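Per the UniProt record's numbering, the very first residue in the sequence shown carries number 1; after that it's consecutive. C-beta atoms are modelled at their ideal positions from N, C-alpha and C, and glycine is treated no differently. Here the structure is a predicted model, which is why all the values come from computation and not from measurement.
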Amino acid sequence: MVLEVAMFDITPGREQEFSTAYAGARHLVEATEGCRTVRMTRGVESPSRFVLLIEWDSVEAHEQGFRASDRFGEWRAALGPFFASPPVVEHFADV
1 MVLEVAMFDI
11 TPGREQEFST
21 AYAGARHLVE
31 ATEGCRTVRM
41 TRGVESPSRF
51 VLLIEWDSVE
61 AHEQGFRASD
71 RFGEWRAALG
81 PFFASPPVVE
91 HFADV
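Okay, structure coming up:
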């Protein structure tokens with residue numbers, strides 16, 4: 001299992017629109033084989049910063065199963081307009 005951590009800085013004033021878009025697009029990730037859990041969090045001190053946490057069976061499940069699929073294009077089209085800067089995405093494994 002790997003944990004994808006994606007940090008999104010959203011254009012100030014568009015946080016609620018982003019949250020609504022995420023709610024409508026979440027199913028695109030959840031429907032991907034190898035996706036275990038999906039969770040979006042919002043910064044308390046930095047309310048324009050959101051962190052997405054997704055547990056995948058493997059890095060390949062994320063990169064080939066989701067990012068290489070048409071679902072990723074739909075996901076990016078739904079959420080991308082709200083990004084103030086490109087997201088930072090990394091994978092982590094338990095120790």
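Using the DSSP secondary-structure output, state which residues sit across from tryptophan 56 in a beta bridge. Start at 1 with the first residue of the sequence shown, and residue 56 comes out as number 56. Paired residue(s): Val2 and Cys35.
Out of Phe82, Phe92 and Ala68, point me to the one whose CA is closest to glutamate 17's CA. Numbered from its first residue, the sequence shown carries residue 17 at position 17. Nearest C-alpha to glutamate 17: Phe82.
Using the Cα positions of phenylalanine 66 and glycine 43, report the straight-line distance between them to the nearest angstrom. Numbered from 1 along the sequence shown, position 66 holds the residue referred to as residue 66. Numbered from 1 along the sequence shown, position 43 holds the residue referred to as residue 43. Whole-angstrom Cα-Cα distance: 26 Å.
Considering just the uninterrupted stretch of the beta strand (DSSP E) at glutamate 90, what are its terminal residues? For the purposes of this step, residue 90 is taken as residue 90 along the sequence shown, with counting starting at 1. It spans 88-92 - the beta strand (DSSP E) in which glutamate 90 sits, taken as one unbroken run.
So arginine 76 packs on alanine 31, CB below 8 Å; how close in whole Å? Numbered from its first residue, the sequence shown carries residue 76 at position 76. Numbered from its first residue, the sequence shown carries residue 31 at position 31. Between alanine 31 and arginine 76 the Cβ distance is about 16 Å, and since that is not below 8 Å, they are no contact.
Taking the alpha carbon of alanine 93 as the point to measure from, which residue in Arg49, Ala68, Glu15 and Ile54 has its own alpha carbon closest? Indexing the sequence shown from 1 puts residue 93 at position 93. If we check each option's Cα against that of alanine 93, Ile54 comes out closest.
To the nearest angstrom, report how far apart glycine 73 and valine 95 are at their CA atoms. In the sequence shown, the residue the question calls residue 73 occupies position 73. In the sequence shown, the residue the question calls residue 95 occupies position 95. Approximately 33 Å between the Cα atoms of the pair.
Once you ignore the five residues that flank aspartate 57 on each side, which residues in its own chain have a CB closer than 6 Å to its CB? Taking the first residue of the sequence shown as position 1, residue 57 is located at position 57. Around aspartate 57: Gly34.
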